[in-house]
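S.K.:
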Amino acid sequence: MTRSGVGILDDNEEADIAGFMLEACGISSTDFLMNERLLTRENFEKNFKFLVKMAENRGYRRSSYFVLGYFILLTGTGISEKMRQKILNAAKWEHEEGYWHDKGFALKRKIYLEEFREKIRIHKAGTKLHPAIFKYDWMDFLASKVLIGVKQFQNFNESREFYDIEHVNLDGCNLKSIPEEIYDLRNLKTLSLEFNQISEIDKETSNLVSLKHLYLDYNQLESLPESIGNLLSLKGLSVVHNNVERLPISIKKLKNLKYIYVRGTGINRVPIFLKNSRFDTLSETIYL
Numbered sequence: 001m002t003r004s005g006v007g008i009l010d011d012n013e014e015a016d017i018a019g020f021m022l023e024a025c026g027i028s029s030t031d032f033l034m035n036e037r038l039l040t041r042e043n044f045e046k047n048f049k050f051l052v053k054m055a056e057n058r059g060y061r062r063s064s065y066f067v068l069g070y071f072i073l074l075t076g077t078g079i080s081e082k083m084r085q086k087i088l089n090a091a092k093w094e095h096e097e098g099y100w101h102d103k104g105f106a107l108k109r110k111i112y113l114e115e116f117r118e119k120i121r122i123h124k125a126g127t128k129l130h131p132a133i134f135k136y137d138w139m140d141f142l143a144s145k146v147l148i149g150v151k152q153f154q155n156f157n158e159s160r161e162f163y164d165i166e167h168v169n170l171d172g173c174n175l176k177s178i179p180e181e182i183y184d185l186r187n188l189k190t191l192s193l194e195f196n197q198i199s200e201i202d203k204e205t206s207n208l209v210s211l212k213h214l215y216l217d218y219n220q221l222e223s224l225p226e227s228i229g230n231l232l233s234l235k236g237l238s239v240v241h242n243n244v245e246r247l248p249i250s251i252k253k254l255k256n257l258k259y260i261y262v263r264g265t266g267i268n269r270v271p272i273f274l275k276n277s278r279f280d281t282l283s284e285t286i287y288l
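FYI, in the working numbering the residues of the sequence shown are 1 to 288.
1. Within 10 angstroms of the Cβ of Ile272, are there 16 or more other Cβ atoms? Answer buried if so, exposed if not.
2. Identify, in the order they occur along the chain, each residue of the same chain with its Cβ nearer than 7 Å to the Cβ of Phe134, setting aside the five sequence neighbours on each side.
3. Have a look at Lys49 and Lys212 and give me their C-alpha separation to the nearest angstrom.
4. To which residues of the same chain is Ala125 closer than 6 Å at the C-beta, ignoring the five residues directly before and after it?
5. Cα separation between Val240 and Glu222?
6. Under a three-way DSSP split, which group does His95 fall into?
7. Would you mind reading off the limits of the beta strand (DSSP E) that contains Thr190?
8. For Arg278, count neighbouring Cβ atoms within 10 angstroms of its own Cβ and tell me buried if that reaches 16, exposed if not.
9. Checking the sheet assignment: what are the DSSP bridge partners for Val168?
10. Return yes when the Cβ of Ser192 is within less than 8 Å of the Cβ of Gln220, no when it is not.
11. Since His213 sits in a beta bridge, which residues does DSSP pair it with?
12. Are the segment 60-77 and the segment 141-153 touching by the rule of at least three beta carbon pairs closer than 8 Å?
13. Between the Cα of Asn35 and the Cα atoms of Val262, Leu214, Lys252, which residue gives the shortest distance?
14. Hey, out of Leu185, His95, Ser210, Lys176, whose CA is closest to Gln197's CA?
15. With respect to the beta strand (DSSP E) encompassing Tyr259, which residues constitute its N-terminal and C-terminal limits?
What follows is the structure in structure tokens.
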């Protein structure tokens, strides 16, 4: 098993299977990696029976069901309870327990599979979810500084044990807005809200004075508020595949900013106010 990361598609076999399935849907792997929205529910459902047969012809190979589950969550495709159980069984940690020699990697992989299974368990036709995209060191998990998924976030919120939380990941949870409880996390360093339906960033985001990385890829944003400029600790901002057409001028205030990812937005050139600002290097951090 050759795996470069804990996520689905980080494994060579899974990547190959995904490539075959995408090709059957008329999409190249390269194009998909640049824009996952290319795979639609209509397209996936039209080819679903063939893709399931493709998976079953490989015998009981967990990789096939991982990839099917990934695409099912992404597109909101409806599935039978039988298929749900096959994916859940494939993603059980017991299949890999004791396999990974790197204890840190094993811990992250176990948490990833648990989060993936939870989303498969609650999945409903028409609701788009997505496996979490891990961006954290295993020591952060060991020290209980990371919250992954709505269920874990709600449990901690009810107990109010938020003191040491530094990373919140609510990727692919079908959120329409940012949970207001997040704004109480003054020690938060990383906030990841990719693959949701968020259309607006609240001004209260500026309360997150320790925030260093903000991931908002694949949402429904049409603009970014000027209050973004108050996140003075911010090092990285990613708004890939949103409907944003400009960056707020207040970004000039972010002296610690190292990168801004804007691929797939309406921003196709570096804003003049950055080119002419005293932060000359900032204009080189925007990745179109």
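In this text, a Cβ means the ideal position worked out from N, Cα and C, and glycines have one as well.
M.R.: On the basis of the supplied data:
1. exposed
2. Val6, Gly7, Lys108, Tyr112
3. 44 Å
4. Gly78
5. 12 Å
6. helix
7. 190-192
8. Model confidence at Arg278 stands at a pLDDT of 49, short of 50, so the residue's coordinates are unreliable; what they give is reported in the following sentence. Arg278 is exposed by the Cβ-count criterion.
9. Leu147, Leu191
10. no
11. Thr190, Gly236
12. no
13. Val262
14. Lys176
15. 259-261
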